[in-house]
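Top to bottom, those sequences are chains L and U. Reminder that position 102 of the first sequence reads as 106 in our numbering, one-by-one numbering, no gaps. Reminder that position 103 of the second sequence reads as 237 in our numbering, one-by-one numbering, no gaps. For each residue, glycine too, the CB sits at the ideal point set by N, CA and C.
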Amino acid sequence: MALSLLARNIPKLRGFAALPRCTFRIQKAQNFTQLVVSKNTNSLSLANKCKIQFVNVGQQAKRNMSGDHGKIWTIEKIISFLLLGLVPATFLYPNNILDNAFAVACVLHFHWGLEACVIDYARPIVVGPILSKIAIALLYVVSATTLGALIYFNQTQIGIGCALRDFWSITGTAADNQKSAK
Amino acid sequence: MSLIFRLAGPGSRLGPQILRQNCTRMLNAVRPVTMKCEPAVPDKNESHDERNMRIGRPQSPHLSIYKPQLTALLSITHRATGMALSAYVIALGYSAVSLQLPLDHYIEQLKLMQIGAGPVFALKFLVAFPLSYHFFNGIRHLLWDTARFLSIKEVYATGYAMLAVSTVGAIVLSGMS
């Protein structure tokens, strides 16, 4: 009886035996995990019987990340790199163009940075679905108004660079008054 | 069959006897199983959190169960300094439009108050440290993004170097006038 059982299951067992010979190969360029049957396996292998041989890894990756971030990522890095030069330049040579460039780059940079923080910390599972949406919306409002305010400041007042220089020129001692009296 | 023998006990002479006694019972326990290939059921396109919310899973402990390490501390400090700098920029923008007088008037007022070299140094340090930390650690992050200094050893080395450079930089900046 047992023999007949085994005999009946031989084709299936052969299928099982073929399984370890199948390898999951992740091909980065394609974004697909492909179930590749290695050579010298018979056509009875499970892999060949499967109708769907492709599993979309791109779809799975989406579950771990919040949306497609690939394109913005490059721009973020470029802005970050620009800021490495813009911050000292604005402080050393304050002028209207640098002030405005600083304002735009800085606001973009902190917007993306804070957005990452809000997405990470104000998650629906932590603060509730409504509050997390409010937090994101609030961030957009704050970033936009800050950009407007900074450009207004640059156009109508001394500008960011000069303001920083003025603040930095304070020594807190009597020497300040002699300088400002000039 | 050989499987059943093995179950009865390896190298045991009793094997066949047990088998004889329990043969029918064991065979009753064996159940024929048919396997077939089916298209995989696609996963629900939901995030880790969404799945946990749907299932009603509680949050597992995270921060409290890890030993504080330089890597994690530098990383969270990078965020903290970034947040502080954002707050300064937002405050600068909002105060520029909301204050009654131009901003330079208030800077002048602060100058006239002569609060002393120490407090001024502290004030400047509050701006300079986040700035220099975020600046130098930002360079470190950008280097990582170009696939450099990514081994654990290098991560620690650049971490300590960045910490030294940014601290010295902050002190020098705060002392300037």
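Residues of chain U with a CB under 7 angstroms from the CB of residue i: which are they?
i              : result
S84 of chain L : G272 and L276
Determine the contact status of residue i and residue j, defining contact as a CB-CB distance below 8 angstroms.
i               : j               : result
H113 of chain L : I82 of chain L  : no
D183 of chain U : I129 of chain L : yes
A153 of chain L : G227 of chain U : yes
L244 of chain U : I174 of chain L : yes
A126 of chain L : L135 of chain L : yes
P264 of chain U : A206 of chain U : no
V111 of chain L : S147 of chain L : yes
Can you grab the Cα-Cα spacing for the pair residue i / residue j, in whole Å?
i               : j               : result
Y156 of chain L : P202 of chain U : 44 angstroms
A174 of chain U : G74 of chain L  : 28 angstroms
A105 of chain L : L142 of chain L : 24 angstroms
N99 of chain L  : L168 of chain L : 12 angstroms
D170 of chain L : A139 of chain L : 34 angstroms
H268 of chain U : G309 of chain U : 19 angstroms
Q161 of chain L : L237 of chain U : 8 angstroms
G176 of chain L : G250 of chain U : 4 angstroms
F255 of chain U : N271 of chain U : 23 angstroms
T301 of chain U : L208 of chain U : 13 angstroms
G303 of chain U : N181 of chain L : 28 angstroms
M296 of chain U : Y200 of chain U : 24 angstroms
N186 of chain U : V306 of chain U : 49 angstroms
A225 of chain U : L204 of chain U : 31 angstroms
V299 of chain U : G190 of chain U : 47 angstroms
I273 of chain U : E242 of chain U : 34 angstroms
A214 of chain U : Y222 of chain U : 12 angstroms
E180 of chain U : R188 of chain U : 10 angstroms
T292 of chain U : D279 of chain U : 14 angstroms
Y240 of chain U : S285 of chain U : 48 angstroms
T211 of chain U : Q159 of chain L : 34 angstroms
K137 of chain L : L197 of chain U : 25 angstroms
P253 of chain U : L246 of chain U : 14 angstroms
V289 of chain U : F85 of chain L  : 20 angstroms
C166 of chain L : V145 of chain L : 26 angstroms
H115 of chain L : A178 of chain L : 40 angstroms
List the residues of chain L that residue i touches, going by C-beta distances under 8 angstroms, in chain order.
i               : result
I305 of chain U : Going along chain L, no residue has its Cβ under 8 angstroms from I305 of chain U, so there is no contact; the nearest lies around 14 angstroms.
S311 of chain U : W172, S173, I174 and T175
S220 of chain U : F114, G117 and L118
What does residue i touch in chain U if you count any residue whose Cβ is under 9 angstroms from its own?
i               : result
D170 of chain L : L237, D238, I241, E242 and K245
Y156 of chain L : G227, A230 and V231
A153 of chain L : I224, L226, G227, Y228, S229, A230, V231 and S232
L88 of chain L  : F269, G272, I273 and L276
A93 of chain L  : Per Cβ cutoff of 9 angstroms: no residues; A93 of chain L is ~13 angstroms from chain U at best.
A178 of chain L : Q248
A167 of chain L : L226, A230, L237, D238 and I241
Residue i and residue j look like a contact to me (Cβ under 8 angstroms); what is the Cβ gap, rounded to whole Å?
i               : j               : result
A93 of chain L  : L151 of chain L : At roughly 19 angstroms, the Cβ-Cβ gap does not stay under 8 angstroms, so A93 of chain L and L151 of chain L are not in contact.
L87 of chain L  : A120 of chain L : That belief does not hold up - the Cβ atoms of L87 of chain L and A120 of chain L are roughly 16 angstroms apart, past 8 angstroms.
W172 of chain L : S194 of chain U : At roughly 47 angstroms, the Cβ-Cβ gap does not stay under 8 angstroms, so W172 of chain L and S194 of chain U are not in contact.
L277 of chain U : F283 of chain U : 6 angstroms
What residues of chain L sit near residue i, judged by a beta carbon separation below 7 angstroms?
i               : result
F283 of chain U : What F283 of chain U touches in chain L: nothing, since even the nearest Cβ is about 16 angstroms away.
Given that residue i touches chain U, what residues does it touch there, using C-beta distances under 8 angstroms?
i               : result
T150 of chain L : V223, I224, G227 and Y228
K81 of chain L  : L276 and D279
I162 of chain L : P236, L237 and D238
N181 of chain L : K245, L246 and Q248
V3 of chain L   : Look at the range of chain L in this structure, 5 to 186, and you will see that residue 3 of chain L is not part of it.
Report the neighbours of residue i on chain L: residues whose CB is nearer than 9 angstroms to its CB, in chain order.
i               : result
M217 of chain U : F114, G117, L118 and C121
Checklist line | Contact set between the stretch 197-215 of chain U and chain L, restricted to residues whose Cβ is under 7 angstroms from the partner | finding: R213
Next item on the list: Give the residues from the stretch 168-187 of chain U that approach chain L closer than 9 angstroms (Cβ to any Cβ), ordered along the chain.
Entry: T168, M169, K170, C171, E172, P173, A174, P176, D177, K178, N179, E180, S181, H182, D183, E184, R185, N186 and M187
Checklist line | Contact set between the stretch 235-261 of chain U and chain L, restricted to residues whose Cβ is under 9 angstroms from the partner | finding: P236, L237, D238, I241, E242, L244, K245, L246, M247, Q248, I249, G250, A251, G252, P253, V254, F255, L257, K258 and V261
Margin query: So if I threshold CB-CB distances at 7 angstroms, which residues from the stretch 113-140 of chain L count as touching chain U?
Written below: F114, G117, L118, C121, R127, P128 and I129
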